[in-house]
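Trainee: This is the structure I have questions about; it appears just below.
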Amino acid sequence: MASVLWLQGGACSGNTMSFLNAEEPSVVDLIVDFGMDLLWHPSLGLELGTNAQKIFWDCARGEQPLDIFVFEGTVMEGPNGSGRFDMFADRPMKDWVNDLAAQAGVVVAIGDCACWGGIPATEPNPTGSTGLQFQKRTKGGFLGSNFRSKMGLPVINIPGCPAHPDWITQIIVALASGRAGDISLDELHRPQTFFKSFTQTGCTRVQFFEYKQSTMTFGEGTRTGCLFYEFGCRGPMTHSPCNRILWNRQSSKTRAGMPCTGCTEPEFPFFDLAPGTVFKTQKVSGIVPKEVPEGNDHLTYMAHAMAARVASPQWAKEDMFVV
Ligand code: SF4
Ligand code: SF4
């Protein structure tokens, strides 16, 4: 049995909603088949008031073993470092996080807010929000860059706004079944099994991306041009398995004609873009995308784009922008 405690800081509950919708495995599977002992969760915890508080104190004092501490949302340090913007069970939430992280076998951050601050930590960050071990892309965060849990692991980050249900439950299963050592992390502490490839991998529009053919509008079917050239799709610059592990077992944003907005990267929601341009590709001299796919420079990209356009077959051009 692996004991799990899930708390929530500055958050919209989106990751809890995602967790409750998991299918492979589901939350019930986690408890019935994978031996998860869910000590408490904001939406599922049976205890209230002082009874719930006793669970937190028992974990914080090391009287109740805590195998997995899951945190959703930002740690709010404001105002003036007091943490009083987010009070929970008679204390600033940041004090609970501090004490529980020190006792946990492993600490897992679910969603962008817990990983790197997400939307609440965007400047001017009025609540003093931060992620558990990152502030945006900078290592540190609330627990500090040297933090290691009792198992000697850094915070495991499962980003997304929200994270996909199965990314959450599959990592919890791996941890609960003693396979923490098998989870290799990237430099942002994301499990590589999910975040090594780009969102573009598996996108049904990728052949149009190769031939530099743009779709004409949002929401068209799955095979009608690419969203990179005009609609700001961040699929080639974002690490996620959204087109390998589909949402609702059905589809993904890009398959449905909605550009990827890069929600698994620390810079999300890209508020540095000019207002009204989130779904518009930023270009240099009105021609070349300002951000080219990772691993390319602008010159190589331009040469490749010209050759691809020339080689583009008729089927790829029908009813689409030629860019
Ligand atoms: S729609 Fe986006 S993810 Fe799909 S091929 Fe185009 S750029 Fe890549
Ligand atoms: S497609 Fe992009 S924005 Fe949408 S969930 Fe996946 S990573 Fe996030």
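At the far end of the sequence shown sits residue 323, using the UniProt record's numbering, and the numbering has no gaps.
Glycine included, C-beta positions come from ideal geometry on N, C-alpha and C.
Measuring only from the beta carbon, is THR169 closer than 8 Å to any heavy atom that is part of ligand 2?
Mentor: Checking every heavy atom of ligand 2 against the Cβ of THR169, none is found closer than 8 Å.
Trainee: In the structure shown, what three-state DSSP assignment does TRP6 receive?
Mentor: If DSSP states are grouped into helix, strand and coil, TRP6 belongs with the strands.
Trainee: Taking a contact to mean a Cβ-Cβ separation below 9 Å, would you say THR16 touches VAL75 in this structure?
Mentor: Not in contact: THR16 and VAL75 (Cβ atoms no closer than 9 Å).
Trainee: Decide if the segment 224-231 is in contact with the segment 169-186; the criterion is three or more beta carbon pairs, one per stretch, under 8 Å apart.
Mentor: Result no; under three Cβ-Cβ pairs closer than 8 Å.
Trainee: Exposed or buried, which one is SER3 when buried takes at least 16 other CB atoms within 10 Å?
Mentor: With 16 or more other Cβ atoms within 10 Å, it is buried.
Trainee: Hey, could you find the ends of the beta strand (DSSP E) LEU38 is sitting in?
Mentor: Its beta strand (DSSP E) spans residues 36-40.
Trainee: Using 9 Å as the threshold, is the C-beta distance between ILE110 and ILE68 below it?
Mentor: No. Outside cutoff.
Trainee: Note the first and the last residue of the continuous alpha helix (DSSP H) segment covering VAL32.
Mentor: Unbroken alpha helix (DSSP H) run through VAL32: 27-32.
Trainee: Quick one: does the C-beta of GLN200 sit closer than 8 Å to a heavy atom of ligand 1?
Mentor: GLN200: yes, Cβ under 8 Å from ligand 1.
Trainee: State buried or exposed for VAL322, treating a residue as buried only when at least 16 other CB atoms are found within 10 Å of its CB.
Mentor: Unreliable placement is indicated for VAL322, whose pLDDT of 45 sits below 50; no coordinate value is reported for it.
Trainee: When DSSP builds the beta bridges, which residues end up paired with SER177?
Mentor: DSSP output for SER177 lists no bridge partner at all.
Trainee: At the level of alpha carbons, what is the spacing between GLN200 and ALA256?
Mentor: Cα to Cα, GLN200 sits roughly 13 Å from ALA256.
Trainee: Taking Cβ to Cβ, would you say LEU188 is nearer than 9 Å to PHE134?
Mentor: Result yes, Cβ atoms of LEU188 and PHE134 sit closer than 9 Å.
Trainee: For residue 325 and ASN80, I'd like the C-alpha separation in whole angstroms.
Mentor: With the chain covering only 1 through 323, there is no way to say anything about residue 325.
Trainee: Can you find the residues in the same chain that come closer than 7 Å, C-beta to C-beta, to ALA163, ignoring five residues on each side of it along the sequence?
Mentor: Taken in chain order, the residues that qualify are ASN15, SER18, ILE110 and GLY111.
Trainee: What are the start and end residues of the alpha helix (DSSP H) that includes ILE55?
Mentor: 49-60 is the span of the alpha helix (DSSP H), which, as asked, contains ILE55.
Trainee: Looking only at its chain, what residues have a beta carbon closer than 7 Å to the beta carbon of PRO120, apart from the 5 residues adjacent to it on each side?
Mentor: The answer, listed in chain order, is GLY10, THR74, CYS113, THR127 and SER129.
Trainee: Closer than 6 Å by C-beta to CYS260: which residues in its own chain qualify, once you throw out the five before and the five after it? Chain order, please.
Mentor: So the qualifying residues of the chain are THR199, CYS233, ARG234, GLY235, THR238, LYS253 and THR254.
Trainee: With DSSP as the reference, label GLY164 as helix, strand or coil.
Mentor: According to the sequence provided, residue 164 is His. The question's Gly does not apply to it. Coil.
Trainee: Which full runs of the alpha helix (DSSP H) of 4+ residues lie inside the UniProt domain "Cytochrome-c3 hydrogenase C-terminal" (196-269), going along the chain?
Mentor: Counting only runs of 4 or more, we get 206-210 and 228-231.
Trainee: Give me, in chain order, the residues of the same chain whose beta-carbon lies closer than 7 Å to that of MET151; leave out the 5 immediate sequence neighbours on both sides.
Mentor: If we look at MET151 and ignore the five residues flanking it on each side, its Cβ neighbours are GLY105, VAL106 and ALA180.
Trainee: Under 5 Å, CB to any heavy atom of ligand 1. Which residues pass, going along the chain?
Mentor: Those satisfying the condition are, in chain order, GLN200, CYS203, ARG205, VAL206, PHE209, CYS226, LEU227, PHE228, CYS233, GLY235 and THR254.
Trainee: Using beta-carbon positions only, say whether THR281 and TYR211 come within less than 9 Å of one another.
Mentor: No, the pair does not count as a contact, with Cβ atoms beyond the cut-off.
Trainee: In terms of alpha-carbon separation, which member of ALA316, PRO124 and GLY49 lies closest to GLN213?
Mentor: Among ALA316, PRO124 and GLY49, the Cα nearest to that of GLN213 is on ALA316.
Trainee: Determine the direct distance from the alpha carbon of ASP33 to that of GLN103, and round the result to whole angstroms.
Mentor: Rounded to the nearest angstrom, the two C-alpha atoms are 26 Å apart.
Trainee: Could you check which residue in THR193, SER26, LEU20 and PRO25 has the C-alpha nearest to that of SER240?
Mentor: With distances taken between Cα atoms, SER240 lies closest to THR193.
Trainee: May I ask you to check if the CB of TRP247 is nearer than 8 Å to at least one heavy atom of ligand 2?
Mentor: For ligand 2, at least one heavy atom lies less than 8 Å from the Cβ of TRP247.
Trainee: In whole angstroms, what is the alpha-carbon distance linking GLN314 and PHE208?
Mentor: Their backbone Cα atoms lie some 11 Å apart in a straight line.
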